[in-house]
Every structure is written in structure tokens, then in C-alpha cells.
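Following: one structure in C-alpha cells, then a few remarks.
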Amino acid sequence: MNAQPKQINPILKLHPKQSEAKKVSVDDGYTQIPNELLKAILRSGVLGWKGSYLLATVLKTLSWHKESDWFTHSQVCEMMNIEPTKYHINQLSAARKELIRENILFEDGKETGVNLSVFEWKMVYPEKVGSSRNNRELIPEKVGNGYPEKVGNTKETITKEKINNEFTNVNSVQQPETSLPKKTKSEPVDYQGVMEEFNRAVEDTPIPQIRAMSDERKRSVHALAKILRKEFGGYTRQHFADYFNDFVRQASSRKDRFYFGGLDGSAWVANFGYIIRSKTFYKTWEDSL
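Here the sequence shown is numbered in my numbering, starting from 11 and rising by one per residue.
If you want it as C-alpha cells, here you go:
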């Protein structure tokens with residue numbers, strides 16, 4: 011018998027090394043899915059913020075036979091057919107950080123990719139999605155078209171409640187008002203913790219560490235704390251650490267080493283006063299350093 015060997019299309023074959031056997035590979039089988047179908051799923055909004063960012067990363071990397079690539083949150087918004095508003099950018103930024111924290115995505119400088127070692131993924135149960143204190147606004151996982159700015163039931167859920175019990179439906183309609191986060195009493199800023207996290211983040215860079223929190227520095231930290239609370243729902247030590255680490259990551263990815271004194275190290279170097287500014291924070295948040 012002259013059996014012809016089965017042909018395998020070389021898609022997603024990004025990890026040919028035998029030592030990486032635990033990574034998913036097309037050698038174990040694959041499904042041919044049109045990119046336009048994946049894009050339609052992404053635009054539909056059925057995946058929620060984390061799922062949408064994950065699928066967008068797949069389309070930006072694996073569909074182009076790349077392990078990772080650099081793309082902005084605004085580009086993801088365009089792929090999702092939504093406006094790149096501050097709210098949407100906030101949601102995508104929080105989703106990306108949580109996916110990286112769960113080892114589902116990885117970052118390499120300014121590039122993002124899918125971790126094909128799926129056994130390393132830290133799976134999160136549905137009821138815990140978005141419960142991270144750093145990503146409270148990640149909770150609205152809308153099913154259906156659009157991405158609402160308020161937490162509430164979907165139209166489908168309300169319809170089912172109406173069929174079962176009209177009184178229950180009334181309670182469901184009112185739920186968005188009661189489910190909104192209540193205003194909590196402000197807690198003092200951990201200035202010492204902020205200083206320690208800053209020094210840890212810049213330890214291996216030319217950026218100078220600080221030894222004390224002067225009144226001027228405390229005022230700057232307090233101003234940034236208000237912004238963190240507005241955008242992320244809190245200003246814990248970890249919130250500041252995430253920001254400092256994100257700044258260092260983006261600054262390190264610049265080939266001109268602009269924030270580190272230039273190529274020869276003799277030019278201007280970013281410092282605590284510059285990094286703690288609100289303008290610097292927003293540039294970092296939008297990946298535009």
C-alpha cells in the first residue's frame with residue numbers, strides 16, 4: 011500500500027523544541043477557524059473584557075505566526091468596534107494585567123503574547139473573575155452587544171425573571187442601583203510602602219532611589235492616590251507598585267534609553283518627582299511613554 015503521509019499546515023507551530031513538550035502544538039491536532047469568525051466573536055462582546063483581550067492577543071500574534079507583538083489598547087478597542095474611551099482603556103489595561111498575573115499572557119518588554127504552556131495557567135473560577143482589589147472595575151463581564159459602564163443584569167436575564175415572576179423582574183431591574191459600589195471611608199496613604207515599592211522598582215536602573223518622604227513628596231503621592239482611586243478603585247501599596255513597575259518596563263523598552271540618561275547615560279534621568287506626576291502616570295497607563 012502506498013499510503014500518503016498526512017499533511018499538516020504549519021500554523022501556530024511556534025515551539026518546535028522537544029524540551030517544551032508541555033506547550034500546546036498543532037502536532038496534537040488543530041482546528042481551522044477563519045480569522046473573520048474570530049473577529050466577529052471579538053466584536054460581539056460575548057467574551058467579556060478578559061476574554062476579548064485574550065482573543066485580540068491571539069489575532070495579533072498567533073494568527074501572524076508570532077510569539078508576541080506590541081499593540082496598544084486603542085488598537086484592541088478598534089478590533090472590538092468600540093470607542094477608545096478612558097473607561098474602555100481602563101478595562102483593557104486591568105484585563106491585561108490580570109491575564110499576565112494568571113500566566114495566561116506573558117510580556118516581553120512592550121510586547122504581549124499568549125503563554126502556550128497552558129498547564130501553567132492559573133485558572134480563575136467565574137465567581138472570582140474581577141474580584142482582585144486592583145481590578146474592581148473588571149467586574150462588568152457583559153454578555154451581548156456593548157460594554158456597559160454600570161454593573162447590572164443583562165437583558166436576557168431580566169427577560170427570564172419576567173417570565174418566572176413579575177415581582178422578581180422588578181427587583182432585577184432595580185439591581186444596578188443597589189449593586190453599585192458604596193462610597194467607603196478614605197484610608198491613609200502608606201507613604202513608607204510607596205517609597206519602598208518605588209525603590210524596589212528602580213533598583214536595577216539609573217533612576218535614583220529616595221531615602222525619605224518629604225512633605226512635598228507626600229503631597230505628590232496623595233495627588234496620585236486620588237487618581238488611582240478614581241481609575242482603579244483604590245490606592246494600596248500594590249497599586250503604586252504596579253504603576254512603578256509598568257513605568258520601568260516601558261522605559262526599559264525604549265532603545266534610546268530616554269528616561270535613563272540616553273545612550274551614553276549623560277543626559278537627563280527620570281526621578282521620583284517626575285514619575286509621581288499625574289501626566290507621567292497617564293502616559294504610562296496608555297503605553298505611550
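We put the CB at the ideal spot given by N, CA and C, even for glycine.
Check, Outcome
"Here's a check: name, in chain order, each residue in its chain whose Cβ is nearer than 6 Å to the Cβ of Ser84, leaving out the five neighbours to either side.", "Pro94"
"Determine, using beta carbons only, whether Arg259 and Asp200 come nearer to each other than 9 Å.", "no"
"Using CA atoms only, rank isn't needed, just tell me which of Pro44, Phe254, Ser78 is closest to Asn125.", "Ser78"
"Between the stretch 269-277 and the stretch 226-240, are three or more C-beta pairs nearer than 8 Å?", "no"
"Using 10 angstroms around the beta-carbon of Gln202, count the other beta-carbons present and answer buried if the total reaches 16, otherwise exposed.", "exposed"
"DSSP on Ser35, reduced to helix/strand/coil?", "coil"
"Less than 9 Å separating the beta-carbons of Leu102 and Ser73?", "no"
"Look up Val124 in the DSSP assignment and say whether it is helix, strand or coil.", "strand"
"Within 10 angstroms of its Cβ, does Arg229 collect 16 or more other Cβ (buried), or is it exposed?", "exposed"
"Going straight from the alpha carbon of Met90 to that of Lys49, what length do you get?", "8 Å"
"So what's Ser263 in DSSP terms, helix, strand or just coil?", "helix"
"Can you tell me whether Leu273 is helix, strand or coil according to DSSP?", "coil"
"May I ask you to list the residues that DSSP assigns as paired with Ser78?", "Gly123"
"Assign Phe257 to one of two classes, buried (16 or more other C-beta atoms within 10 Å of its C-beta) or exposed (fewer than that).", "buried"
"For the alpha helix (DSSP H) containing Ile282, name the first residue and the last one.", "Correcting the residue identity first, residue 282 is Phe in this sequence and not Ile. Element bounds for Phe282: 282-285."
"When burial is assigned at 16 or more other CB atoms within 10 Å of the CB, is Trp295 buried or exposed?", "buried"
"For Val279, which residues does DSSP report across the bridge?", "Phe270"
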